[in-house]
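Novice:
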Ligand SMILES: [Zn+2]
Ligand SMILES: [Zn+2]
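Residue numbers (the UniProt record's numbering): 1 to 350.
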């Protein structure tokens with residue numbers, strides 16, 4: 001049996017490759033993928049990556065075939081796939097540091113944007129009561145949960161989120177749910193079609209205000225609106241915007257960068273003197289393993305984060321070439337889902 005999967009490189013070069021499907025080994029499971037979300041990191045790869053590389057890691061699907069020793073799932077189960085999970089056996093894992101696991105299970109060079117994927121059973125979580133499209137948000141939401149926990153926002157604290165993409169909107173929803181007294185999102189440029197739809201989504205998720213770095217005096221206005229010191233700033237926007245975060249920071253503000261560049265623009269000069277004097281803490285979050293998949297599934301199921309409102313486009317795998325137009329031009333895009341079945345249900349080419 002064969003399966004198609006998508007690889008890509010810079011310039012939004014995409015290629016649909018066909019490969020022989022592996023027979024799952026002892027603890028492995030072959031998943032028939034239904035949906036895979038397009039992550040910002042996929043878009044960065046499609047801008048910077050020299051060689052064709054696998055795409056997609058926000059995966060939901062159905063168990064298709066299982067190895068002889070698999071006990072966690074059975075054929076036909078609806079599952080989400082962790083793109084990386086810890087082994088639970090190495091010294092770091094046993095010492096309680098799963099993030100430092102020395103023997104992680106991963107996607108092993110396979111694309112989530114593809115028809116099938118073969119992974120270790122430990123990477124799977126069964127879901128029910130939500131759609132496959134909603135389930136595909138489990139990974140990015142788990143990243144947001146980790147980020148928000150890293151930010152250590154105090155009860156009734158004030159949070160500013162730089163960025164207005166899916167991660168920023170989900171972080172805003174978490175901040176509201178976990179009792180922040182002030183939540184603001186900051187986009188890059190006012191007036192674009194893309195940012196307008198994202199602004200509406202951030203406000204619908206409970207953000208108190210959305211402003212833009214392109215607006216004159218936005219920092220002063222934001223600080224006035226906050227009405228007190230900002231406890232945490234989550235930087236989902238590109239690394240260069242850490243400077244904006246440091247300008248916005250108050251005495252003791254904690255800053256959590258999660259936006260990647262995957263290119264030269266990840267290098268930023270910052271004023272260490274000022275960080276020391278202002279007692280700011282910069283803590284990068286840990287993306288892999290995201291962990292918190294069970295909690296994320298619960299948050300989706302209970303409607304704490306209304307992820308389905310973020311889906312603007314569903315694109316069949318065979319038509320993934322439309323991604324270039326979708327993201328290069330100013331379209332009303334929040335979250336794009338690649339669907340492995342052929343029918344287009346909503347959204348599509350702009
Ligand atoms: Zn991602
Ligand atoms: Zn380990």
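Every residue gets a Cβ at the ideal spot worked out from N, C-alpha and C, and that includes glycine.
Closest by CA to residue 15, which one among 322, 141 and 259?
Specialist: For residue 15, the nearest C-alpha among the options comes from 322.
Novice: Mind checking which residues open and close the alpha helix (DSSP H) that includes residue 39?
Specialist: Counting along the chain, residue 39 falls outside any alpha helix (DSSP H), and DSSP gives it neither H nor E.
Novice: Rounding to the nearest angstrom, what Cα-Cα distance links residue 66 and residue 48 in this structure?
Specialist: Distance between the alpha carbons of residue 66 and residue 48: 36 Å.
Novice: Going along the chain, which residues of its own chain have a beta-carbon closer than 7 Å to the beta-carbon of residue 310, five neighbours each way excluded?
Specialist: Contacts found: 166, 169, 201, 334 and 335.
Novice: Determine the closest residue to residue 145 out of 243, 178 and 160, with distance taken between C-alpha atoms.
Specialist: Comparing Cα-Cα distances from residue 145 to each of 243, 178 and 160, the minimum goes to 178.
Novice: Do you know how far the Cα of residue 316 is from the Cα of residue 32?
Specialist: Going from the Cα of residue 32 to the Cα of residue 316 covers about 15 Å.
Novice: Is the CB-CB distance between residue 112 and residue 59 below 8 Å?
Specialist: Yes. Within cutoff.
Novice: From residue 158 to residue 224, what distance separates their C-alpha atoms?
Specialist: So the two alpha carbons sit approximately 12 Å from each other.
Novice: Pull every residue with its beta-carbon under 7 Å away from any heavy atom of ligand 1, and keep them in chain order.
Specialist: Listed along the chain, these residues meet the criterion: 39, 40, 41, 57, 58, 139, 140 and 143.
Novice: Output the distance between the C-alpha atoms of residue 152 and residue 175, rounded to the nearest integer angstrom.
Specialist: Using only the alpha carbons, I get a separation of about 11 Å.
Novice: Closest to residue 327 by CA distance: which of 3, 17, 44 and 6 is it?
Specialist: Considering only alpha carbons, the answer is 44.
Novice: With a threshold of 7 Å on Cβ separation, who are the neighbours of residue 25 within its own chain once the five nearest residues in sequence on each side are excluded?
Specialist: Correct list, in chain order: 67.
Novice: Pairing CB atoms from the region 182-198 with CB atoms from the region 270-282, are three or more of them under 8 Å?
Specialist: The region 182-198 vs the region 270-282: no contact.
Novice: Going along the chain, which residues put their C-beta within less than 7 Å of some heavy atom in ligand 2?
Specialist: Going by the Cβ distance cut-off, the answer is 86, 87, 88, 89, 90, 92, 93, 98, 101, 102, 103 and 104.
Novice: Does DSSP classify residue 237 as helix, strand or coil?
Specialist: In this structure, residue 237 counts as coil in the three-state DSSP scheme.
Novice: Measure the Cβ-Cβ separation of residue 61 and residue 42 and say whether it is below 8 Å.
Specialist: Not a contact, by the Cβ cut-off of 8 Å.
Novice: Check whether the region 210-218 touches the region 254-265, taking contact to mean three or more Cβ pairs, one atom from each stretch, closer than 8 Å.
Specialist: Not touching, per the Cβ criterion.
Novice: Could you tell me the alpha carbon to alpha carbon distance between residue 248 and residue 330, rounded to whole angstroms?
Specialist: So the two alpha carbons sit approximately 28 Å from each other.
Novice: Roughly how far, in whole angstroms, is the beta-carbon of residue 134 from the beta-carbon of residue 307, given that I think they are within contact range, below 8 Å?
Specialist: About 5 Å; that satisfies the 8 Å criterion.
Novice: Can the beta-carbon of residue 37 be found closer than 8 Å to that of residue 136?
Specialist: Result yes, Cβ atoms of residue 37 and residue 136 sit closer than 8 Å.
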